[in-house]
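Below is one structure, written out as structure tokens; comments come after it.
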Amino acid sequence: DRCRQVLELAALKGFDKMLEEQAEAWQNKWTEADILIEGDVAAQQGIRFNIFQLYQTYTGEDERLNIGPKGFTGEKYGGSTYWDTEAYCLPFYLATADQKVARNLLVYRYRHLPKAIENARKLGFTDGAALYPMVTMNGEECHNEWEITFEEIHRNGAIAYAIYDYIRYTGDKDYLAECGLEVLIGIARFWAQRVHWSKRRGKYVMHGVTGPNEYENNVNNNWYTNYIAVWCLKYTLHALEWVKNNHPNRYETVLEKAKFYNHSETSKWEHIIANMYLPYDDELRVFVQHDGFLDKELQTVDALPQTVRPLNQNWSWDRILRSCFIKQADVLQGLYFFQDDFTEETIRRNFEFYEPMTVHESSLSPCIHAILAARLGLEEKAYQMYLRTARLDLDDYNNDTEDGCHITSMAGTWMAVVKGFGGMRVKNDLLHLDP
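Okay, here's the thing in structure tokens:
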């Protein structure tokens, strides 16, 4: 019936009227979202192509829907949702669309919380611990590779970070009470059960994970995963306190719903925060991607002949997993998310160590490197990485555009311009620009 109504309305309007409405809608959207780059046709074409594709894909009118990595441009990934939405797409829609558009991306995950708890329970977690799926449409896990489904658990961190990101940009702190706190409690419970105490180290550790760099699986103590787990626990404690002080009735409702009666939970979280193992090398003065990474044969991407690129189309997985080559930002993903926690010198040392080993064979990689390079004053590297993300599909950098455009990484192109070259950040509830 709904389909028939839409068709009848279109027939009544006629082609010319619908074309006029379409042009007007896009004019309004370009007024809100356009980025003008003078003197560089390739850069300008790239960013506008990316913005156009993003708004062709998602308008945020329905909280049941999300953003597939290929949008409507290809069938690969089946239109499912990944952590790309929270880590890359949300900032774009926060800045260029009505607040409700970004909020609906968060509500999508809130609606799936019962499924996330069920997903964790299937893996042996208890007491309301939540593990959001790596790939989903309806909240159920749709991925079939164990090293991704069971190990790439850092996705939980991105979902918590999105709540934080949304609130600091919009000031909509009431979202914590309405939806966010329940999600954060479930995620915090998962992290508290996923770590274990190492007597040898005298620290909490996390074994058997896959970080953002999917060219390594089943590693121990991925720095990024450990760091964002600690951050999630800290932020959940903050959220509990804020909701308790500002929405006491809702606070009691959430605690009862989540069966959050045992204050030993928060005591354990605080102990984990104070005692999490975060791999660091004193000699190199860098965060170590995971235990054993420095035991690999370390070499730069320059050592690879172009004929073997991309690696996943030319090397066996055995060879890839044993190599030092990094598919996408891993340690640097954490330094991007939490820039204010680290000095510029710390970011520089880690960038100079890891970027030369990064093959950027994930579409999500160049934008993060562009942002950090811009912050470090590495203008040529930032520009190079920007063009790679902006023209990834136009120039088919990864030899895979036939599968469809890389929609979620297109939001990273916008981030590279605005957060990288524009230096836009939100800090202490204030907008900062440092171009």
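Adding 55 to a residue's 1-based position in the sequence shown gives its number in our numbering. Ideal placement from N, C-alpha and C gives every residue a C-beta, glycine not left out.
- Non-local C-beta neighbours of residue 456 in its own chain, meaning closer than 6 Å and more than five positions away in sequence, comprise 448, ordered along the chain.
- Cβ neighbours of residue 197 within its own chain (closer than 6 Å, five residues either side excluded): 135, 190, 191.
- Counting C-beta pairs closer than 8 Å gives fewer than three between the segment 349-361 and the segment 291-304, which falls short of the contact rule.
- The C-beta distance from residue 208 to residue 291 rounds to 16 Å, too long to fall under 8 Å, and the pair is not in contact.
- Taking all protein chains shown into account, residue 215 has 16 or more neighbouring C-beta atoms within 10 Å of its C-beta and is therefore buried.
- Within the same chain, Cβ atoms closer than 7 Å to the Cβ of residue 235 are found at 218, 294, the five residues on either side in sequence being excluded.
- The C-beta distance from residue 146 to residue 440 rounds to 17 Å, too long to fall under 8 Å, and the pair is not in contact.
- The alpha-carbon separation between residue 108 and residue 461 amounts to approximately 9 Å.
- Sorting 268, 458, 250, 269 by C-alpha distance to the C-alpha of residue 260 places 250 at the top.
- About 16 Å separates the beta carbons of residue 264 and residue 327, which is beyond the 8 Å limit, so they are not a contact pair.
- Looking at the backbone, the Cα of residue 395 and that of residue 428 are separated by about 16 Å.
- If the five residues before and after residue 444 are omitted, its C-beta is found closer than 7 Å to the C-beta atoms of 421, 422, 425, 464, 467, 468, 471, all from its own chain and listed in chain order.
- Its Cα nearest to that of residue 383, the residue 271 stands out among 271, 482, 484.
- Residue 277 and residue 245 do not touch by the CB rule: their CB atoms are close to 16 Å apart, not below 8 Å.
- Taking the Cα of residue 389 as reference, the smallest distance to any Cα among 323, 479, 406 is reached at 406.
- In the three-state reduction of the DSSP assignment, residue 73 falls in the helix class, which pools H, G and I.
- In the structure shown, the three-state DSSP call for residue 364 is coil.
- In this chain, residue 447 is not harboured by any beta strand (DSSP E), its DSSP state being neither H nor E.
- Runs of the alpha helix (DSSP H) lying entirely within the segment 333-383 and spanning at least 4 residues, in chain order: 372-377.
- Residue 243 and residue 289 have their C-alpha atoms roughly 9 Å apart.
- For residue 260, the enclosing beta strand (DSSP E) starts and ends at 258-260.
- For residue 252, no alpha helix (DSSP H) segment is defined; the enclosing uninterrupted segment is the beta strand (DSSP E) at 251-253.
- In this structure, the beta-carbon distance from residue 380 to residue 414 falls below 7 Å.
- Our two residues, residue 273 and residue 262, have alpha carbons roughly 8 Å apart in a direct line.
- By the Cβ-count criterion, residue 363 is exposed, with fewer than 16 other Cβ atoms from all chains shown falling within 10 Å of its own Cβ.
- Bounds of any beta strand (DSSP E) do not take in residue 312; it lies within the alpha helix (DSSP H) bounded by 303-312.
- Secondary structure note for residue 482: its beta strand (DSSP E) is the uninterrupted segment 480-482.
- Taking C-alpha positions only, residue 171 is separated from residue 241 by approximately 8 Å.
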